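4 protein chains.
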Amino acid sequence: MEVRAVTVGNVTVGAGRPVLIAGPCSVENLEMIRAVAAAAVKSGVSILRGGSFKPRTSPYSFQGLGIEGLQMLDAARREFSIPVVSEVMSIDQIEPSLEMVDMIQVGARNMHNFPLLSALGRTDRPILLKRGFMATIEEWLMAAEYIVKEGNDRVVLCERGIRTFEPWTRNTLDISAVPLARMLGGYPVIVDPCHASGRRDLLEPLAMAGLAAGADGIMLEVHPEPEKALSDGGQSLSIPELTLMAGRLLNWMDTIPQYEKDCEPGMDGG
Amino acid sequence: MEVRAVTVGNVTVGAGRPVLIAGPCSVENLEMIRAVAAAAVKSGVSILRGGSFKPRTSPYSFQGLGIEGLQMLDAARREFSIPVVSEVMSIDQIEPSLEMVDMIQVGARNMHNFPLLSALGRTDRPILLKRGFMATIEEWLMAAEYIVKEGNDRVVLCERGIRTFEPWTRNTLDISAVPLARMLGGYPVIVDPCHASGRRDLLEPLAMAGLAAGADGIMLEVHPEPEKALSDGGQSLSIPELTLMAGRLLNWMDTIPQYEKDCEPGMDGG
Amino acid sequence: MEVRAVTVGNVTVGAGRPVLIAGPCSVENLEMIRAVAAAAVKSGVSILRGGSFKPRTSPYSFQGLGIEGLQMLDAARREFSIPVVSEVMSIDQIEPSLEMVDMIQVGARNMHNFPLLSALGRTDRPILLKRGFMATIEEWLMAAEYIVKEGNDRVVLCERGIRTFEPWTRNTLDISAVPLARMLGGYPVIVDPCHASGRRDLLEPLAMAGLAAGADGIMLEVHPEPEKALSDGGQSLSIPELTLMAGRLLNWMDTIPQYEKDCEPGMDGG
Amino acid sequence: MEVRAVTVGNVTVGAGRPVLIAGPCSVENLEMIRAVAAAAVKSGVSILRGGSFKPRTSPYSFQGLGIEGLQMLDAARREFSIPVVSEVMSIDQIEPSLEMVDMIQVGARNMHNFPLLSALGRTDRPILLKRGFMATIEEWLMAAEYIVKEGNDRVVLCERGIRTFEPWTRNTLDISAVPLARMLGGYPVIVDPCHASGRRDLLEPLAMAGLAAGADGIMLEVHPEPEKALSDGGQSLSIPELTLMAGRLLNWMDTIPQYEKDCEPGMDGG
């Protein structure tokens, strides 16, 4: 199946050259999102990410800035002319997001939130659908189908690791899911090495592996001061690290040959 | 930690350029192993693989040709001047293997067979230690330690996928294990996309992902007639497919930049 | 920690004698829910279950009868004087449910739907919180905390199996989670052997194992004609099977000794 | 399928009343194994366990006393007239074990060690085959088949937990495997709650759950001074704890009804 390209603002995902998406886990204040946006644009990043509604395991952890965070994100996208992606966790957060973000993210914990998926299917906005850390590839494609069925086929998938018994990484990046979801679902697939590994020292090898496996983009977490981040500091790049890594990836990605892939479900599971 | 290179016959694994290892799952007869060896050498493959003692889930499945298979493998290596790797499943199989194979493989099901590992540690032969499909990276490095403790530090690791809930692939290739095992263990790491995926259509993207993540080599299953293979036909390449894929991989692998990796165990698992 | 009992209508969960909860996966029509309710009451079942908002993997599967199904459930509870539990999948489904159901269920796929949990925390209704099929026990207790934090401490947990590599059961019942969640969280815990196994032939041994491990109740799926069920037929009991099994379980459960349990997190994970 | 009873010395496993097996993880010295044997006999334990060849993740951990440990075990069995079970890790350990132990254990890490299984199939001794911690039930039954195929059908299975993502227990006891392996394999099944949970506070609820699910016996680790044990202290009972728990379990187990189970592989996995 051929991958259907999806446009996000002035950027096309899934048509040839992979894109870089980067930004902080959470928008913490205007100054930090402006600093990250400036660095992102300068480094060749195409889409700015930033969380403002944050699903956290504990109700006592920082929950994000909400609408106020979206406004900061909106200010940064206008100032730096870069499209933004941000997560919603419930149906009532869609309306305000439509005004301020270019692409709406569904997080891993909401991949099975079917009413939310259907509501997003009734918008005209591109959707970044993260794979649940416990979801099979088939369930992930079915979740996308909840969006498409309502009329919105602008879906981009994001592989961010699945839960296994291995304790040295936060999750296990399922690299096989990249070619399988692209070819069996026809959606562009982004790789998120930060949530997949939870380790800064694995971000570059996993980003490269993702691109080599055919990913349509890489999503990275960046923070001006990772050690002071309110969430996910241990897996975030600093701004100089982002600049360095983005430069290498953008330089190298054109060498990756485009083979014809031909996945078929069948046989031994698949 | 720096990776210690291991020599196998005239080939060096873990020093710069990645190597290709290829051959049939099982040596079935002399003619087929000669055909594969000829094609392997012509395609740029550095080491020939071929199983002769086969661990099979069912006692009623084909169990390999045993010593006779090793003799065929030995004939092929002499005729085509290519080093060979083959598996042993028990201590008594080591002695005959020493005469006929250059590198001894420990299969995933025997990664925790500590008496076998210790006995291999008392040989002078390079060992290819596959990761158990249920073993953590730490347990895998500890298994290598059983070999090294007895005096043999010529260990090469092979990541071949771990068991997860995902049914569309036979196992889940743990791509993060490649940089982690290299950097924390100091061993060269080979990627086996055939057992990891069980699907011919994923072999090339997974091989590329492995190389991009820093693997020191790729191991592939090849069969003159995959559809007639006595084992693992669905994940084997035909000879023309091997030639094509080996050519592409050998051509592309030099473009992969060598970044400095610096993994540390610690923090959030790791 | 001592378990805090929760009342559901005239039934107390978590205080001494375990309760049986039974009913169809989905309310399909008035006649079937009346037939099941009648049989449930006669068999000693304390709470009637019936789904009306159904989260299904595929958007093309039967999605439940919605409000109309709740009205049928409400008719049955009035006619047979039995409290009912039913699932909500989104915040807007809470309001109509409050009028028609005694206990509100959060399904496994919504265990991480934090806005939904918080909204339920602002009602006065007992909540049956199913464990996500890939959630740790700690995450499950944290999800309960989202409800409790808003002022509603009437939470009952339900263990329904986790996802593993084992293919002979739909999920793997994590029997250890029963004593751990009771003692570390202080919530009553119900065991759902139907979703845990997906096999009718395992329901009785798993229900017995659950009770032996200290469960405060067992939840069963029943259908007048399991082979014609619109969902989950393969794991549903027929009405005569329910009567037989409920009789045995109710008869046997009083023989189970109440030992003092004393779980502490610590040491080797825990 | 009906369960075939297996005799171990003067004890029958799989015919009616469940048996208790208890003893230290490792035989550490003669005095401690004598103390445990005396307490075991007095507490109603039918079979004494004690490891002497120990498979340990690290080559630097205590590896057991070997032959000397077997001699201590043999002395204890003669003095207290109780049959003993002990593990072998390699073919050369079988011969000395035959003289000194009544039942030979294959550990979880060796469930896939096919040459070892075949060699044990050529003895006349009952075999206790532990499930690999990442083996499917089908693979476990196939491993038993390696023993039976060589002529020895005196196989007892032991469920000891599988590896999952849950960190609060060392493994996850797969309680469903008890009825499935009994009914589909026809072998008696023992439950080992110590390795399954790694927590002393879960031993009694898990033992009870195992019995309720139909287990033919429970295997427990006991140590005169658990806090000083050379291995597995955190999951071992003290002698007074063993006496108390054995008394309760033996007293309660007769109340468990024997239902007719009828498992069939098929349908949704199974």
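Residue numbers (our numbering), protein chains in the order written: chain A, -18 to 251; chain B, -18 to 251; chain C, -18 to 251; chain D, -18 to 251.
Glycine included, each C-beta is placed from N, C-alpha and C at the ideal position.
In this text, all values refer to a predicted model and were calculated from it rather than measured experimentally.
Do B:Met70 and B:Pro107 have their CB atoms nearer than 9 angstroms? Mapped onto the second sequence, residue 70 of chain B falls at position 89. Mapped onto the second sequence, residue 107 of chain B falls at position 126. No, the Cβ-Cβ distance between B:Met70 and B:Pro107 is not below 9 angstroms.
Does any residue of chain D bring its CB to less than 9 angstroms from the CB of B:Gly198? Here residue 198 of chain B corresponds to residue number 217 of the second sequence, with the count starting at 1. False, the Cβ-Cβ gap to chain D never drops below 9 angstroms.
Out of curiosity, what's the CA-to-CA distance linking A:Pro246 and B:Ser212? Taking the first residue of the first sequence as position 1, residue 246 of chain A is located at position 265. Taking the first residue of the second sequence as position 1, residue 212 of chain B is located at position 231. In this prediction, A:Pro246 scores a pLDDT of 47, lower than 50, which makes its location untrustworthy; the coordinate-derived value is nonetheless stated afterwards. Distance between the alpha carbons of A:Pro246 and B:Ser212: 21 angstroms.
Give me whichever residues DSSP pairs with B:Lys111 in a beta bridge. As a first step, residue 111 of chain B must be located in the second sequence, where it is residue number 130. DSSP lists B:Cys139 as partners of B:Lys111.
Can you give, in chain order, each stretch of the beta strand (DSSP E) that sits fully within the stretch 182 to 236 of chain A and has at least 3 residues? Positions of the beta strand (DSSP E) runs, each at least 3 residues long and wholly inside the stretch 182 to 236 of chain A, are given as 198 to 202 in order along the chain.
Evaluate B:Gln216 with the Cβ neighbour count: other Cβ atoms within 10 Å of its Cβ, from every protein chain shown; 16 or more gives buried, anything less gives exposed. Your numbering for residue 216 of chain B matches position 235 in the second sequence. Buried.
Determine the DSSP secondary structure at C:Ala116, reduced to helix, strand or coil. If you number the third sequence from 1, residue 116 of chain C lands on position 135. C:Ala116: coil per DSSP, three-state reduction.
How would you list, in chain order, the residues of chain B whose beta-carbon sits under 7 angstroms from the beta-carbon of D:Glu76? In the fourth sequence, the residue the question calls residue 76 of chain D occupies position 95. Ordered by position in chain B, no residue passes the 7 angstroms Cβ test against D:Glu76, which lies about 14 angstroms from the chain.
What does B:Thr38 touch in chain C if you count any residue whose Cβ is under 7 angstroms from its own? As a first step, residue 38 of chain B must be located in the second sequence, where it is residue number 57. For B:Thr38, no chain C residue has a C-beta closer than 7 angstroms to its own C-beta; the minimum C-beta separation is roughly 13 angstroms.
Using a C-beta to C-beta distance shorter than 7 angstroms, which residues of chain D count as neighbours of B:Phe114? Your numbering for residue 114 of chain B matches position 133 in the second sequence. Ordered by position in chain D, the residues that pass the 7 angstroms Cβ test against B:Phe114 are Met115.
So which residues on chain B does C:Thr145 lean against when the C-beta distance must stay under 7 angstroms? Locating residue 145 of chain C in the third sequence gives position 164, counting from the first residue. What C:Thr145 touches in chain B: Phe146.
Using a C-beta to C-beta distance shorter than 7 angstroms, which residues of chain C count as neighbours of D:Pro160? Within the fourth sequence, residue 160 of chain D is the residue found at index 179, counting from 1. In chain order, Leu183 and Pro186 make up the part of chain C whose C-beta sits under 7 angstroms from the C-beta of D:Pro160.
Contacting residues, own chain, Cβ-Cβ under 8 angstroms from C:Thr224 (five flanking each side not counted): Position 243 of the third sequence holds residue 224 of chain C. The residues are Ala20, Lys23 and Ser24.
Check the Cβ of C:Thr153 against every Cβ in chain D and list those closer than 8 angstroms, keeping chain order. Counting from 1 along the third sequence, the entry for residue 153 of chain C is found at position 172. Chain D residues near C:Thr153: Ile143, Thr145, Thr153, Asp155 and Ser157.
Can you look up D:Glu147 in the DSSP assignment and give me helix, strand or coil? The residue you call residue 147 of chain D lines up with position 166 of the fourth sequence. In the structure shown, D:Glu147 sits in coil (DSSP, three-state: anything other than H, G, I, E or B).
Within 9 angstroms (strictly less), CB to CB, does D:Pro96 reach chain B? Here residue 96 of chain D corresponds to residue number 115 of the fourth sequence, with the count starting at 1. Residue-level contact check: D:Pro96 touches chain B, since one or more beta carbons of chain B fall below 9 angstroms from its beta carbon.
Short Cβ contact (9 angstroms threshold) for C:Leu109 with C:Gln86: Translated into positions along the third sequence, residue 109 of chain C becomes position 128. Translated into positions along the third sequence, residue 86 of chain C becomes position 105. Closer than 9 angstroms, so yes.
Quick one: is C:Pro221 buried, meaning 16 or more other Cβ sit within 10 Å of its Cβ, or exposed? Here residue 221 of chain C refers to the residue found at position 240 when the third sequence is read from its first residue. Result: exposed.
In chain order, what residues of the same chain have a beta carbon less than 6 angstroms from the beta carbon of B:Ala57, not counting five sequence neighbours either side? Here residue 57 of chain B corresponds to residue number 76 of the second sequence, with the count starting at 1. Excluding positions up to five away in sequence, the list reads Ile14, Arg15 and Ala18.
Do three or more CB pairs link the stretch 110 to 130 of chain C to the stretch 109 to 120 of chain D at distances below 8 angstroms? Under the Cβ criterion (8 angstroms, minimum of three pairs), the stretch 110 to 130 of chain C does not count as touching the stretch 109 to 120 of chain D.
Beta-carbon separation of C:Pro169 and C:Val(-13) under 9 angstroms? The residue labelled residue 169 of chain C in the question sits at position 188 within the third sequence. The residue labelled residue -13 of chain C in the question sits at position 6 within the third sequence. For C:Pro169 and C:Val(-13), yes; Cβs fall inside 9 angstroms.
Please give the ranges of any alpha helix (DSSP H) in the stretch 2 to 74 of chain C, keeping only runs that are unbroken, at least 4 residues long and fully inside the region. Considered as a whole, the stretch 2 to 74 of chain C harbours 11 to 24 and 48 to 61 as its complete alpha helix (DSSP H) runs of no fewer than 4 residues, in chain order.
Check whether chain B comes within 9 angstroms of A:Met248, counting only Cβ atoms and requiring the distance to be less than that. By 1-based counting over the first sequence, the position of residue 248 of chain A is 267. With a pLDDT of 36 at A:Met248, under the threshold of 50, the predicted position of this residue should be treated as unreliable, though the coordinate-derived value follows. Under the Cβ distance rule, A:Met248 counts among the residues neighbouring chain B, one pair being separated by less than 9 angstroms.
Should A:Gly251 be flagged as near chain D, meaning a C-beta pair shorter than 9 angstroms? Here residue 251 of chain A is taken as the residue at index 270 of the first sequence, counted from 1. Note on A:Gly251: pLDDT 32, under 50, position unreliable in the model; the coordinate value appears next. The C-beta of A:Gly251 comes no closer than 9 angstroms to any C-beta of chain D.
Can you name, in chain order, every residue of its own chain whose Cβ lies under 7 angstroms from the Cβ of D:Leu46, other than the five neighbours on each side? Residue mapping note: residue 46 of chain D aligns to position 65 of the fourth sequence, counting from 1. Closer than 7 angstroms at Cβ, skipping near neighbours: Val8 and Ser33.
Around the C-beta of C:Glu140, are 16 or more other C-beta atoms found within 10 angstroms, so that it is buried, or is it exposed? Sequence index remark: in the third sequence, residue 140 of chain C carries index 159 (1-based). Residue environment analysis places C:Glu140 among the buried positions, since at least 16 neighbouring C-beta atoms fall within 10 angstroms of its C-beta.
From this set, B:Thr38, B:Met92 and B:Ser67, which residue's C-alpha is nearest D:Ser39's C-alpha? Here residue 39 of chain D is taken as the residue at index 58 of the fourth sequence, counted from 1. Comparing Cα positions, the closest option is B:Met92.
Please list, in chain order, the chain C residues whose beta carbon lies closer than 7 angstroms to that of A:His93. Taking the first residue of the first sequence as 1, we reach residue 93 of chain A at position 112. Against chain C, a Cβ distance below 7 angstroms from A:His93 picks out Pro36 and Arg90.
Cβ shell of B:Thr104 (< 8 angstroms), same chain only, five flanking positions each side left out: Locating residue 104 of chain B in the second sequence gives position 123, counting from the first residue. Cβ contact annotation for B:Thr104 (same chain, cutoff 8 angstroms, sequence separation greater than five): Ile75, Leu79, Ile85 and Asn133, in chain order.
Cβ neighbours of C:Ser178 in the same chain (closer than 8 angstroms, five flanking residues each side left out): Position 197 of the third sequence, counted from the start, is the residue given in the question as residue 178 of chain C. Answer for C:Ser178: Gly142, Thr150, Arg151, Asn152, Leu154, Leu184, Leu187 and Gln216, listed in chain order.
Which of helix, strand or coil DSSP assigns to D:Ile128: Residue mapping note: residue 128 of chain D aligns to position 147 of the fourth sequence, counting from 1. In the three-state DSSP reduction, D:Ile128 falls in the helix class (H, G or I).
Buried or exposed: where does B:Ser62 fall if 16 or more other Cβ atoms within 10 Å of its Cβ makes it buried? One-based indexing of the second sequence puts residue 62 of chain B at position 81. Per the 10 Å Cβ criterion, exposed.
How many angstroms separate the CA atom of B:Gly88 from the CA atom of B:Ser27? Taking the second sequence and counting its residues from 1, the one referred to as residue 88 of chain B is at position 107. Taking the second sequence and counting its residues from 1, the one referred to as residue 27 of chain B is at position 46. Each residue's Cα considered, the two are about 20 angstroms apart.
Does the distance from the CB of D:Val82 to the CB of D:Ser99 come in under 9 angstroms? Numbered from 1 along the fourth sequence, position 101 holds the residue referred to as residue 82 of chain D. Numbered from 1 along the fourth sequence, position 118 holds the residue referred to as residue 99 of chain D. D:Ser99 is positioned such that its CB atom lies no closer than 9 angstroms to that of D:Val82.
If you measure from the beta carbon of C:Lys23 to each beta carbon in chain A, is any gap under 9 angstroms? Here residue 23 of chain C is taken as the residue at index 42 of the third sequence, counted from 1. No, C:Lys23 lies away from the interface with chain A (no Cβ there is under 9 angstroms from its Cβ).
Between the beta-carbon of A:Leu272 and the beta-carbon of A:Ile2, is there less than 9 angstroms? Because chain A in this structure spans residues -18 to 251, residue 272 of chain A falls outside the shown range and cannot be described.
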